[in-house]
Amino acid sequence: MTVKVLLKSAKNKCAVPKPTLSYRGRFAPSPSGPLHAGSLLAALGSYLDAHAHRGTWLVRIEDIDPPREVAGASDLILSQLEAHGLLWDESVRRQSQQDRLYHRNLERLQQHGLVYACNCSRKDIKARAPFYTGHCRYRNLPWQGNALRFVNQHPVTSLLDRLHGQVTIEPDFAAEDFTLRRRDGLWAYQLAVVSDDRDQEITHIVRGSDLLTPSSWQMALWQSLTTIAGGPPAPKLVHLPLVVGDDGRKLSKQNHAPPLLAADAVDNLSLALTRLNLAPPADLYGAPVAEQLSWAIPAWRARNLQ
Ligand code: GLU
Ligand code: ZN
């Protein structure tokens, strides 16, 4: 397997970092399967960044999609994290228990005319363009039985990434009126994740580059909610390189990436550190996870990501 860096490399920054006293980061896995080498990278990157800032690191189970949930996966994910030494600081939040929070934010958006119903099928949408064109914005369809979309009035077409600098998002995708609630009544990822990140006062997000376009949507939604209701400033972002399989595709649960085994934790961790360009020195390669992590935290800090 190789690591594919999707984004431009960072410009060298040499200013002294300001201490971030209230740093709050998180790892937010969906329980659609066990962790694999790709999700370990996101977990490890966010963990190291939080510890490098002497901050708080949370784990949130994103279980808003029961049809895609695999029985036992959330417990398995937590035990995989533990086996790799990635211990969280506060109790684990589950999105399945945050209905009221999502309703409240949907209502706020609705009161400001920022929600509309859409009855387009995937096929209809694809036939028009590779992105959603806002077809139903002014159709005034009933909410019942339809998807709900966000009126994306101020699209975010450029993001400041701490690793990669200013990253441009393809404008047609950035401007999409993404979904807030699905046709089947389930919450859409964008609304849930932004609601929780705001509610948990997340200051820094570290996750895979596959979530770059969603990041632009989430920052637009975050901004709208802040305009309406105040709240914490938008989080700082890092998008990590993706781990790709031998076939060149991103490792994912959908293409059956092998689950991480607790028995291989020390090797998994050494490999993940290497993929983050933090290859442990020879005598630490394969050392107990706690030792590898104690070495890796100051090594990540020394990168001085602003
Ligand atoms: N739960 C989503 C995933 O597993 C998103 C995580 C995030 O926002 O960091 O891909
Ligand atoms: Zn539509």
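For the sequence shown, position 236 matches number 235 in numbering that gives the first Met the number 0, and the numbering has no gaps at all.
For glycine and all other residues, C-beta sits at the position ideal for the given N, C-alpha and C.
field: First through last residue of the alpha helix (DSSP H) which encompasses Tyr46
entry: 36-51
- prompt: For Ala289, does the three-state DSSP call read helix, strand or coil?
  reply: helix
field: Buried versus exposed call for Asp246 [16 or more other C-beta atoms within 10 Å across all chains shown]
entry: exposed
message: Would Leu224 and Val193 qualify as a contact pair, given that the criterion is a beta-carbon distance under 8 angstroms?
response: yes
- prompt: Which residues bound the alpha helix (DSSP H) around Val242?
  reply: First-last for Val242: 241-243, but that is the beta strand (DSSP E), not the alpha helix (DSSP H).
- request: Ignoring anything shorter than 3 residues or poking outside the stretch 154-230, list the beta strand (DSSP E) runs there in chain order.
  value: 157-160, 164-167, 178-180, 203-207
- request: Could you check what DSSP says for Thr55 in three-state terms: helix, strand or coil?
  value: strand
query: What's the C-alpha gap between Ala36 and Gln165?
result: 27 angstroms
task: Measure the Cβ-Cβ separation of Arg25 and Arg59 and say whether it is below 8 angstroms.
output: yes
- request: Give the DSSP-derived three-state secondary structure of Leu283 in the structure shown.
  value: helix
- request: Verify whether the separation of the beta carbon atoms of Lys235 and Arg302 is less than 8 angstroms.
  value: no
- request: Identify whether His255 lies in helix, strand or coil by the three-state DSSP scheme.
  value: coil
query: Excluding the five sequence neighbours on either side, which residues of its own chain have a C-beta within less than 6 angstroms of the C-beta of Pro18, listed in chain order?
result: The pLDDT assigned to Pro18 is 46, lower than 50, so where the model puts this residue is not dependable; a value taken from the coordinates is nonetheless given after this. Answer for Pro18: no residue qualifies.
task: Starting from the N-terminal side, write out each stretch of the alpha helix (DSSP H) that is 4 residues or longer and does not extend beyond the stretch 85-128.
output: 98-110, 121-127
- request: Could you name the residues whose beta carbon sits closer than 6 angstroms to any heavy atom belonging to the ligand GLU, keeping them in chain order?
  value: Ala27, Pro28, Ser29, Glu61, Val192, Arg206, Leu210
- prompt: With 16 other CB atoms within 10 Å as the buried threshold, where does Val265 fall?
  reply: buried
query: Is the stretch 171-189 close to the stretch 208-220, with three or more CB pairs under 8 angstroms?
result: yes
message: Determine whether the beta carbon atoms of Asp48 and Trp299 lie at a separation below 8 angstroms.
response: yes
message: Here's the rule I'm using: 16 or more other beta-carbon atoms within 10 Å means buried, otherwise exposed. How should Pro240 be labelled?
response: buried
query: Does the stretch 259-273 come close enough to the stretch 77-86 to have 3 or more Cβ pairs within less than 8 angstroms?
result: yes
message: Looking at the strands, I want to know which residues DSSP matches up with Val237.
response: Val205
query: First and last residue of the alpha helix (DSSP H) that includes Ala72?
result: 72-82
Alpha carbon of Tyr131 to alpha carbon of Ile63, nearest angstrom: 23 angstroms
message: What would DSSP say about Ile60, mapped onto helix, strand or coil?
response: strand
- prompt: Is the beta carbon of Asn118 within less than 7 angstroms of some heavy atom of the ligand ZN?
  reply: yes
field: C-beta atoms of Leu190 and Val237 nearer than 8 angstroms
entry: no
query: Whose C-alpha, out of Tyr284, Leu277, Ala262, Pro231, is nearest the C-alpha of Ile296?
result: Leu277
- prompt: With Asp176 and Asn151 assumed to form a contact (beta carbons below 8 angstroms), what rounded beta-carbon distance in angstroms separates them?
  reply: 5 angstroms
- request: Tell me whether the beta-carbon of His134 lies closer than 8 angstroms to the beta-carbon of Cys119.
  value: yes
Which listed residue (Pro30, Pro258, Thr202) has its alpha carbon closest to that of Gln94: Pro30
field: Thr304 - DSSP class collapsed to helix/strand/coil
entry: In the sequence under discussion, the amino acid at residue 304 is Leu, which differs from the Thr named in the question. In the structure shown, Leu304 sits in coil (DSSP, three-state: anything other than H, G, I, E or B).
- prompt: Would you call Ala289 buried or exposed, if buried means 16 or more other Cβ atoms sit within 10 Å of its Cβ?
  reply: exposed
message: Under DSSP, the beta strand (DSSP E) around Leu260 begins and ends at which residues?
response: Counting along the chain, Leu260 falls outside any beta strand (DSSP E), and DSSP gives it neither H nor E.
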